[in-house]
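Notes to accompany the following structure.
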Amino acid sequence: MSGIIAAKISGHMSQYMSEAQKGIGKDTRGAKHQLLVDRTVAQDCKMRHTNLCTAWIDYKKAYDSMPHTWITECLEVYNINRTLRAFIANSMRLWKTTLEANGKPLAQVSIKCGIYQGDALSPLLFCIGLNPLSQIINKTGYGYRLRNGATISHLLYMDDIKLYAKSERDIDSLIHTTRIYSSDIGMSFGLEKCGRMVTKRGKVIHTEGVSLPEGTIEDIEDNYKYLGIPQANGNLEQATRNAATAKYLQRVRQVLRSQLNGKNKSRAINSYALPVIRYPAGIIRWPKEEIQTTDVKTRKLLTMHGGFHPKSSTLRLYASRKEGGRGLVSVRATIQDETSKIYKYIKDKAPTDDVLSECLRQWRTEDEMLEEGPSWEDKPLHGMYHRNITEVADLNKSYQWLERAGLKDSTEALILAAQEQALSTRAIEAQIYHTRQDPRCRLCKEAPETVQHITAGCKMLAGKAYMERHNQMAGIVYRNICAEYGLETPRSKWETPPKVVENERAKILWDFQIQTDRMVMANQPDIVVVDKEQRKAVVVDVAIPSDGNIRKKEHEKLEKYQGLREELEKAWKVKTTVVPVVIGALGAVTPKLEEWLRQIPGKTSEISVQKSAVPGTAKILRRTLKLPGLW
Numbered sequence: 001m002s003g004i005i006a007a008k009i010s011g012h013m014s015q016y017m018s019e020a021q022k023g024i025g026k027d028t029r030g031a032k033h034q035l036l037v038d039r040t041v042a043q044d045c046k047m048r049h050t051n052l053c054t055a056w057i058d059y060k061k062a063y064d065s066m067p068h069t070w071i072t073e074c075l076e077v078y079n080i081n082r083t084l085r086a087f088i089a090n091s092m093r094l095w096k097t098t099l100e101a102n103g104k105p106l107a108q109v110s111i112k113c114g115i116y117q118g119d120a121l122s123p124l125l126f127c128i129g130l131n132p133l134s135q136i137i138n139k140t141g142y143g144y145r146l147r148n149g150a151t152i153s154h155l156l157y158m159d160d161i162k163l164y165a166k167s168e169r170d171i172d173s174l175i176h177t178t179r180i181y182s183s184d185i186g187m188s189f190g191l192e193k194c195g196r197m198v199t200k201r202g203k204v205i206h207t208e209g210v211s212l213p214e215g216t217i218e219d220i221e222d223n224y225k226y227l228g229i230p231q232a233n234g235n236l237e238q239a240t241r242n243a244a245t246a247k248y249l250q251r252v253r254q255v256l257r258s259q260l261n262g263k264n265k266s267r268a269i270n271s272y273a274l275p276v277i278r279y280p281a282g283i284i285r286w287p288k289e290e291i292q293t294t295d296v297k298t299r300k301l302l303t304m305h306g307g308f309h310p311k312s313s314t315l316r317l318y319a320s321r322k323e324g325g326r327g328l329v330s331v332r333a334t335i336q337d338e339t340s341k342i343y344k345y346i347k348d349k350a351p352t353d354d355v356l357s358e359c360l361r362q363w364r365t366e367d368e369m370l371e372e373g374p375s376w377e378d379k380p381l382h383g384m385y386h387r388n389i390t391e392v393a394d395l396n397k398s399y400q401w402l403e404r405a406g407l408k409d410s411t412e413a414l415i416l417a418a419q420e421q422a423l424s425t426r427a428i429e430a431q432i433y434h435t436r437q438d439p440r441c442r443l444c445k446e447a448p449e450t451v452q453h454i455t456a457g458c459k460m461l462a463g464k465a466y467m468e469r470h471n472q473m474a475g476i477v478y479r480n481i482c483a484e485y486g487l488e489t490p491r492s493k494w495e496t497p498p499k500v501v502e503n504e505r506a507k508i509l510w511d512f513q514i515q516t517d518r519m520v521m522a523n524q525p526d527i528v529v530v531d532k533e534q535r536k537a538v539v540v541d542v543a544i545p546s547d548g549n550i551r552k553k554e555h556e557k558l559e560k561y562q563g564l565r566e567e568l569e570k571a572w573k574v575k576t577t578v579v580p581v582v583i584g585a586l587g588a589v590t591p592k593l594e595e596w597l598r599q600i601p602g603k604t605s606e607i608s609v610q611k612s613a614v615p616g617t618a619k620i621l622r623r624t625l626k627l628p629g630l631w
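The numbers in full-length UniProt numbering rise by one with no breaks, and the one at position 372 of the sequence shown is 372.
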């Protein structure tokens, strides 16, 4: 309800609310708008060597100090609906909070002064209470005059106030005016957080500050942090960049040390670490060299924590997961995006805002968008896998495991490195790096040791490693079938299913050699399901071939079991269907896989079998290549 009331009051107050207040309101960049205005004033002062005096005002417990009587009076002054005024006044009388000690409630206390925080109305009521101050400051006629004639006297962002004047006498007068108004409504300055700066002909001079009854507002000695940006005579850009970069990298380390899966680590970096960079972007200039250095440091941290292979594609790291990337947003893209948005904001507002019009004039052309290079798919080695599966696989579904499987970042990094030919197999070492002579496989000593050979073509791995991976994937299908017919399922994925399970509804065979009247060469499929009620049988055979061979393998499975299908229909008098379930070793999915899975009883999804095959391949790669550390 308070949100609806706030919207109504906000709409009414739009005709009264000061333009200097950007803590509330629509179609504004809020704190960033104020920082843009402040930067424009500082730049103008530097370029024209003019006099500029500024003061930063901070209130002591601002939200807790504003009297309810003053809020009620302001609502009446601005002609807020009588019913709404009465509702708000009654609500304020009911505001209470509970005092606790050691987690135990002591007493309930009424809030007699200040604004109850956390409610949709709270910021609006506070801004309404401070709005007359803005009008009083404007009437003084003091302020700093820009080159184009626009005058700035103050900026407001909720309770953060910055005052501007052309002389020391004027700025002191504005400070006193602000103090008197604040004192009249029961609010006081937090003098230790207030500051003043006097600039004459573009140079800062030191004074004794301004004396108030409560104490003295001193001139700033080093800098003042205004809306999160360190300032002195303008923004301290290098200090801001250094602080933002350090905090960003600290947060990246926090995320990488967490137990989040790969996708959520990327999302956490994007939503938790990058906003530290995004906030000052567009307000301060960011040299390209610093941007590149920060992105390199990010990738180094990822590599140190096993989340990115050192020879993997950096372009792919920043591609979306739907397109086969890791979904990380680069510092470069973040700064470019925010800078372009700020520029558009200034350009849109400039025709009706004289200050932003001057800001637009000052804007440099160096913030132009950088040209994008080629995509990772076009790279000779990194894009080879993508090009090889384009004709045989459903690309969207082949990469869906990156979005939906929830794998560890080290597993994601390993599989993508394998797809990109970034792993140091003996064939790569011999043919690309030229660090060895013999490219043959370390296990079978026959074929060249490529990723494709290790993951799906080595006879030394076929007996155990490939079979283990195959059985894990087939086991998922088997357990879903058992669940559909109410049959007992294996307690763990490592338990070998019984050869035959049966009830009144169905019979399920696991890796069972079927005797037929006519001899059939292929008579031992992975799973056979016989539905007794519908008189139907489904022959399921699973395969995890090299990704470029998935369609060929699917066709082979269909051909291989046609003889068995015919014999089962004759002997068992059931309509029989052959269903191949084929997933590429590195995750490629055939276009018809979803259709095949629908023909199998139970609910087996594409992602469930893909989620089994991909980690299985990662395990084979780790063991075979003896990858160090987190790899």
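The beta carbon of each residue, even a glycine, is placed where N, CA and C say it ideally should be.
In this structure, DSSP gives Trp-401 a helical state, which the three-state scheme calls helix. Judged by DSSP in its simplified three-state form, Lys-445 adopts coil rather than helix or strand. The segment 292–309 and the segment 388–403 do not touch, with fewer than 3 CB-CB distances between them shorter than 8 Å. Straight-line spacing of the CA atoms in Arg-321 and Leu-625 works out to 27 Å. Under the 8 Å Cβ criterion, the segment 569–582 counts as touching the segment 536–544, having at least three qualifying pairs.
In the structure shown, Cys-458 adopts coil according to DSSP, grouped into three states. Contact between the segment 354–362 and the segment 141–161 is established, with three or more Cβ pairs separated by less than 8 Å. In the DSSP secondary-structure assignment, Thr-97 is bridged to Val-109. According to the DSSP assignment, Ala-333 belongs to the alpha helix (DSSP H) that extends over 331–349. With a 10 Å radius around the Cβ and a threshold of 16 neighbouring Cβ atoms, Met-197 comes out buried.
Judged by beta-carbon spacing, Gly-114 lies within the 8 Å limit of Ser-65, meaning their Cβ atoms are closer than that value.
Under the three-state reduction of DSSP, His-154 is assigned to strand.
Distance check between Lys-247 and each of Asn-270, Ile-277, Arg-257 and Val-331 places Ile-277 closest, using alpha-carbon atoms only.
Contact holds between the segment 181–193 and the segment 55–63, because three or more Cβ pairs, one in each stretch, are under 8 Å apart. For the 8 Å CB-CB criterion, Thr-40 and Gln-362 form a contact. Under the DSSP assignment, Arg-196 falls in the beta strand (DSSP E) whose first and last residues are 195–200.
Taking every protein chain shown into account, the CB of Gly-457 has 16 or more other CB atoms within 10 angstroms, so this residue is buried.
Runs of alpha helix (DSSP H) with 4 or more residues, each lying fully within the segment 387–434, are found at 395–398, 401–404 and 409–419, listed in chain order.
Secondary structure of Ala-281 (DSSP, three-state): strand.
Counting only runs of 3 or more residues that sit fully inside the segment 510–573, the beta strand (DSSP E) segments are 527–531 and 536–543, in chain order.
Out of Ser-424, Thr-207, Val-529 and Ala-281, the CA that lies nearest to the CA of Ser-340 is found in Ala-281. Comparing C-alpha distances from Leu-302 to each of Lys-349, Arg-251 and Ile-291 shows the shortest one belongs to Arg-251. DSSP, read as helix, strand or coil, puts Thr-489 in coil. For the 8 Å CB-CB criterion, Leu-121 and Ile-205 do not form a contact. As computed with DSSP, Thr-216 is found in a beta bridge with Ser-211. The alpha-carbon separation between Tyr-343 and Thr-28 amounts to approximately 13 Å.
Here the C-alpha atom of Arg-85 lies approximately 7 Å from the C-alpha atom of Thr-72. Membership of Val-609 in the alpha helix (DSSP H) is indicated by the continuous run 606–625. Note that the segment 493–505 touches the segment 473–482; at least 3 beta-carbon pairs, one per stretch, sit closer than 8 Å. The residues Val-252, Val-255 and Leu-328, in chain order, have a CB closer than 7 Å to that of Ile-269 in the same chain once the five nearest residues on each side in sequence are set aside. Rounded to the nearest whole angstrom, the C-alpha separation of Met-519 and Ala-571 is 13 Å. With respect to the 8 Å criterion, Leu-155 and Lys-166 are not classified as neighbours on the basis of their beta carbons. Ranking Ile-152, Asp-438, Ser-110 and Cys-74 by CA distance to the CA of Ala-55 puts Ile-152 first. The C-beta distance from Thr-240 to Ile-229 rounds to 6 Å, short enough to meet the 8 Å contact threshold. Per the DSSP secondary-structure output, Ala-165 pairs in a beta bridge with Cys-53. Each of Arg-442, Gln-421 and Leu-395 was checked against the Cα of Met-384, and the nearest Cα belongs to Gln-421.
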